[in-house]
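Some notes on the structure that comes next.
Number of protein chains: 2
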Amino acid sequence: MTPSSESFTPINQIGEFGLIDRLRDVLAAASDTPEALIQGIGDDAAVYRVGDGRVHVVTTDALVEGVHFDRTFTPMRYLGWKAVATNVSDVVAMNAQPRYATVALALPNSVSVEQAEALYGGMAEACQRYGLSVVGGDVTAAARLTLSVTVIGEAEESAVVYRRGAQVGDLLCVTGDLGSAAAGLKVLLAGKQGFEAGGDGESEAAAQPNLTDFAYAVERQLYPQARLDRIRHWAEVGVRPRALIDISDGLASEVHHLANASGHGAVIEAGLLPIHVQTFKAAERFEEAPLSLALYGGEDYELLFAIPESEKDKMDANTFAVVGQVVEADAGVTLRMPEGEVIPLEARGFDHFG
Amino acid sequence: MTPSSESFTPINQIGEFGLIDRLRDVLAAASDTPEALIQGIGDDAAVYRVGDGRVHVVTTDALVEGVHFDRTFTPMRYLGWKAVATNVSDVVAMNAQPRYATVALALPNSVSVEQAEALYGGMAEACQRYGLSVVGGDVTAAARLTLSVTVIGEAEESAVVYRRGAQVGDLLCVTGDLGSAAAGLKVLLAGKQGFEAGGDGESEAAAQPNLTDFAYAVERQLYPQARLDRIRHWAEVGVRPRALIDISDGLASEVHHLANASGHGAVIEAGLLPIHVQTFKAAERFEEAPLSLALYGGEDYELLFAIPESEKDKMDANTFAVVGQVVEADAGVTLRMPEGEVIPLEARGFDHFG
Numbered sequence: 010m011t012p013s014s015e016s017f018t019p020i021n022q023i024g025e026f027g028l029i030d031r032l033r034d035v036l037a038a039a040s041d042t043p044e045a046l047i048q049g050i051g052d053d054a055a056v057y058r059v060g061d062g063r064v065h066v067v068t069t070d071a072l073v074e075g076v077h078f079d080r081t082f083t084p085m086r087y088l089g090w091k092a093v094a095t096n097v098s099d100v101v102a103m104n105a106q107p108r109y110a111t112v113a114l115a116l117p118n119s120v121s122v123e124q125a126e127a128l129y130g131g132m133a134e135a136c137q138r139y140g141l142s143v144v145g146g147d148v149t150a151a152a153r154l155t156l157s158v159t160v161i162g163e164a165e166e167s168a169v170v171y172r173r174g175a176q177v178g179d180l181l182c183v184t185g186d187l188g189s190a191a192a193g194l195k196v197l198l199a200g201k202q203g204f205e206a207g208g209d210g211e212s213e214a215a216a217q218p219n220l221t222d223f224a225y226a227v228e229r230q231l232y233p234q235a236r237l238d239r240i241r242h243w244a245e246v247g248v249r250p251r252a253l254i255d256i257s258d259g260l261a262s263e264v265h266h267l268a269n270a271s272g273h274g275a276v277i278e279a280g281l282l283p284i285h286v287q288t289f290k291a292a293e294r295f296e297e298a299p300l301s302l303a304l305y306g307g308e309d310y311e312l313l314f315a316i317p318e319s320e321k322d323k324m325d326a327n328t329f330a331v332v333g334q335v336v337e338a339d340a341g342v343t344l345r346m347p348e349g350e351v352i353p354l355e356a357r358g359f360d361h362f363g
Numbered sequence: 010m011t012p013s014s015e016s017f018t019p020i021n022q023i024g025e026f027g028l029i030d031r032l033r034d035v036l037a038a039a040s041d042t043p044e045a046l047i048q049g050i051g052d053d054a055a056v057y058r059v060g061d062g063r064v065h066v067v068t069t070d071a072l073v074e075g076v077h078f079d080r081t082f083t084p085m086r087y088l089g090w091k092a093v094a095t096n097v098s099d100v101v102a103m104n105a106q107p108r109y110a111t112v113a114l115a116l117p118n119s120v121s122v123e124q125a126e127a128l129y130g131g132m133a134e135a136c137q138r139y140g141l142s143v144v145g146g147d148v149t150a151a152a153r154l155t156l157s158v159t160v161i162g163e164a165e166e167s168a169v170v171y172r173r174g175a176q177v178g179d180l181l182c183v184t185g186d187l188g189s190a191a192a193g194l195k196v197l198l199a200g201k202q203g204f205e206a207g208g209d210g211e212s213e214a215a216a217q218p219n220l221t222d223f224a225y226a227v228e229r230q231l232y233p234q235a236r237l238d239r240i241r242h243w244a245e246v247g248v249r250p251r252a253l254i255d256i257s258d259g260l261a262s263e264v265h266h267l268a269n270a271s272g273h274g275a276v277i278e279a280g281l282l283p284i285h286v287q288t289f290k291a292a293e294r295f296e297e298a299p300l301s302l303a304l305y306g307g308e309d310y311e312l313l314f315a316i317p318e319s320e321k322d323k324m325d326a327n328t329f330a331v332v333g334q335v336v337e338a339d340a341g342v343t344l345r346m347p348e349g350e351v352i353p354l355e356a357r358g359f360d361h362f363g
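Here it is in structure tokens:
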């Protein structure tokens with residue numbers, strides 16, 4: 010082995026995506042691409058042929074205490090659910106069916122056997138809902154609770170949809186609403202601060218949002234739903250999007266990924282974004298723009314997809330919203346405000362090292 | 010969702026294997042076994058059919074800073090290598106070829122971009138050596154460096170070897186030597202203590218083992234080799250063991266797993282265990298029994314396998330050692346000392362919550 014470099018570049022200097030690019034280069038320099046591998050790093054999941062015209066897809070996501078979740082307001086069952094659902098979302102974003110999962114769980118001493126069982130109970134519930142099985146895992150001690158889940162899915166090779174593939178003129182569509190999961194997180198964090206501040210109960214009650222006023226948003230944050238229902242609907246009505254990605258880091262970031270991978274630009278219509286009434290209420294309460302939550306909020310786990318206009322009417326109109334269009338690369342990625350002004354749409358999403 | 014239980018049972022009260030059993034029960038209660046799944050939790054890797062008479066196997070292992078490794082004496086390249094090699098070892102222990110890997114990496118701020126690249130460089134090196142590719146991953150921030158790797162392998166369904174399947178009278182064999190990785194860890198830990206103690210250099214030098222005297226043992230600890238060479242040799246000479254497991258937690262623990270899964274007992278001959286001269290030296294230095302390192306040391310990543318006596322001469326005699334025999338279940342799992350005394354062999358291995 011060769012010794013490692015002596016330089017020290019802090020990770021936040023190049024950011025999460027910059028780091029991922031550099032690590033991908035290290036791997037690419039070292040190995041040949043196996044013949045059966047269709048897609049490696051760079052989409053929602055990797056894709057490889059398994060025979061009989063079928064492919065498997067595989068994806069991994071880690072949830073780290075203090076980074077992705079706060080144990081003070083995240084019940085263990087929800088955490089287990091979310092760890093599975095977010096990985097299922099990546100499989101769904103390849104237009105594939107989830108089949109198997111493995112789990113690497115690192116547990117601090119402060120977690121009891123019963124809490125670990127509740128965590129696994131939530132994973133089991135998500136597995137039942139989405140039709141997959143946990144087939145392996147590793148349990149170890151750690152200072153912070155960390156949960157890494159890998160999900161393997163299956164599809165006909167011809168059914169898989171990548172981030173690339175959108176064509177100029179295609180409609181950009183999203184499922185569900187945007188920004189409510191981020192609104193829910195703000196509500197939970199404010200509730201925690203109010204609780205920690207203590208006080209006489211009067212001023213405290215004024216500072217703390219009423220959770221029941223934001224029940225939908227809180228549920229979107231703690232109990233996200235992978236959009237397996239949508240890709241099943243597409244299969245039923247014979248629609249296959251040209252490009253597809255799940256919305257985990259916020260719409261703005263995902264539009265850039267889809268447009269870049271497809272070699273085109275995109276325009277998003279601010280006035281067409283589906284925003285829930287509780288997201289508006291939370292935005293008002295926390296003095297944020299609702300549009301900002303919808304574009305940069307993250308953790309919605311909805312789908313962004315591109316289809317030719319001719320395909321639009323095949324789908325149930327209640328299952329998606331048109332939010333923009335694919336345009337020439339020269340035009341870049343932009344946001345058109347309801348008043349008509351067109352501004353560049355920043356790729357800004359959530360950066361764990363920011 | 011239902012609320013979780015109010016009881017608090019500390020994990021170390023039931024231990025790592027006890028916890029795994031309880032978590033497996035939670036999962037089993039919730040889901041049907043998919044038709045294509047041949048082996049779920051309970052062997053070195055899960056096994057599922059992918060078509061054309063072939064199966065895939067999948068396994069996950071996490072390495073957590075402060076639990077599995079100490080950054081003060083673990084170079085990043087070695088850590089990356091080990092994370093891949095230990096998972097490859099589990100794939101090999103199913104008699105399958107490694108193909109794809111995913112990586113979930115959680116990085117503290119104290120790790121630089123260059124160190125992360127060195128870590129990935131070690132993973133890339135292991136991937137080249139063992140013929141697999143990293144196809145996906147997740148990079149996130151964390152308080153402690155945590156590295157979860159999942160490896161997917163491939164085999165003919167008829168070639169796969171499980172822990173179960175050993176028959177009474179079969180020879181129990183191991184590859185390589187036992188206990189040297191644990192000896193290497195003791196050397197590294199003693200070196201660190203001596204360094205931290207500081208001093209005038211005289212008494213310090215006396216306390217610190219000379220690393221070059223223990224180069225082999227240290228390399229076994231930092232740079233373990235998955236035994237892909239051995240299963241390739243078996244394929245060449247037409248040998249398929251009846252039962253197979255990799256030795257990650259120490260021979261004693263693995264013999265119990267293999268014997269229990271096969272429904273039999275086993276006797277291990279203490280006088281036949283392959284122990285390296287540096288393991289004897291380390292045992293003397295740290296006042297431990299060499300036999301104890303060989304039986305309970307862990308992290309050897311060698312293979313334990315059962316074959317009928319008639320198969321023995323097909324294999325190159327330099328590639329394995331016979332260390333015992335499969336016996337009736339009534340006889341339990343025992344250790345025969347060189348003087349002839351037979352004592353029960355404890356299942357004791359490494360327990361992260363112990």
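Protein chains in written order, with the working numbering: chain A, 10 to 363; chain B, 10 to 363. Just so you know, even glycine gets a beta-carbon here, dropped at the ideal spot from N, CA and C.
Beta-carbon proximity check, residue i vs residue j, cutoff 7 Å
i: threonine 111 of chain A; j: threonine 159 of chain B; result: yes
i: alanine 226 of chain A; j: alanine 291 of chain A; result: yes
i: valine 73 of chain A; j: alanine 151 of chain B; result: yes
i: valine 332 of chain A; j: leucine 114 of chain A; result: no
i: alanine 190 of chain A; j: glutamine 234 of chain A; result: no
i: histidine 65 of chain A; j: glutamate 163 of chain A; result: yes
i: proline 8 of chain B; j: alanine 279 of chain B; result: Chain B is shown from 10 up to 363; residue 8 of chain B falls before or after that span and cannot be answered.
i: lysine 201 of chain A; j: threonine 81 of chain A; result: yes
i: lysine 121 of chain B; j: phenylalanine 17 of chain A; result: At residue 121 of chain B the sequence reads serine, which differs from the lysine that was named. In this structure, phenylalanine 17 of chain A lies closer than 7 Å to serine 121 of chain B by Cβ.
i: glycine 188 of chain A; j: glycine 306 of chain A; result: yes
i: leucine 344 of chain A; j: isoleucine 277 of chain A; result: yes
Paired residues, beta bridge with residue i - DSSP
i: threonine 68 of chain A; result: A:Val160
i: glycine 274 of chain B; result: B:Val336
i: threonine 343 of chain A; result: A:Val276 and A:Pro353
i: cysteine 182 of chain B; result: B:Phe314 and B:Val331
i: glycine 62 of chain A; result: Paired residues: none, contrary to the question.
i: isoleucine 50 of chain A; result: A:Asp52
i: alanine 168 of chain B; result: DSSP lists no partner for alanine 168 of chain B.
i: tyrosine 109 of chain B; result: B:Ser142 and B:Ile161
i: phenylalanine 78 of chain A; result: A:Glu74
i: threonine 149 of chain A; result: A:Ala115
i: proline 19 of chain B; result: A:Ser121
i: tyrosine 57 of chain A; result: A:Leu46 and A:His65
i: leucine 253 of chain B; result: B:Phe314
Any chain A beta carbon closer than 7 Å to residue i
i: isoleucine 352 of chain B; result: no
i: aspartate 99 of chain B; result: no
i: cysteine 136 of chain B; result: yes
i: tyrosine 129 of chain B; result: yes
i: glycine 145 of chain B; result: yes
i: glycine 62 of chain B; result: no
i: aspartate 79 of chain B; result: no
i: threonine 159 of chain B; result: yes
i: proline 43 of chain B; result: yes
i: aspartate 70 of chain B; result: yes
i: threonine 155 of chain B; result: yes
i: serine 40 of chain B; result: yes
i: alanine 168 of chain B; result: no
Chain B contact for residue i (CB, 7 Å cutoff)
i: isoleucine 256 of chain A; result: no
i: valine 342 of chain A; result: no
i: serine 119 of chain A; result: no
i: valine 67 of chain A; result: yes
i: leucine 36 of chain A; result: yes
Nearest-angstrom beta carbon gap, residue j and residue i [assumed within contact, 8 Å]
i: phenylalanine 223 of chain A; j: glutamine 287 of chain A; result: 5 Å
i: alanine 39 of chain B; j: cysteine 136 of chain A; result: 7 Å
i: proline 43 of chain B; j: arginine 108 of chain A; result: 7 Å
i: valine 144 of chain A; j: valine 264 of chain A; result: Actually they are not in contact, since the Cβ atoms of valine 144 of chain A and valine 264 of chain A sit about 35 Å apart, beyond 8 Å.
Legend entry - Inter-stretch contact (C-beta, 8 Å, three-pair minimum) for the region 121–130 of chain B and the region 45–65 of chain A: no
Inset, instruction - Spell out a yes or no on whether the region 246–259 of chain B and the region 165–172 of chain B are touching, meaning 3 or more CB-CB pairs, one atom from each, closer than 8 Å. - result: yes
Legend entry - Inter-stretch contact at 8 Å, needing at least 3 Cβ pairs: the region 315–322 of chain A / the region 19–37 of chain B: no
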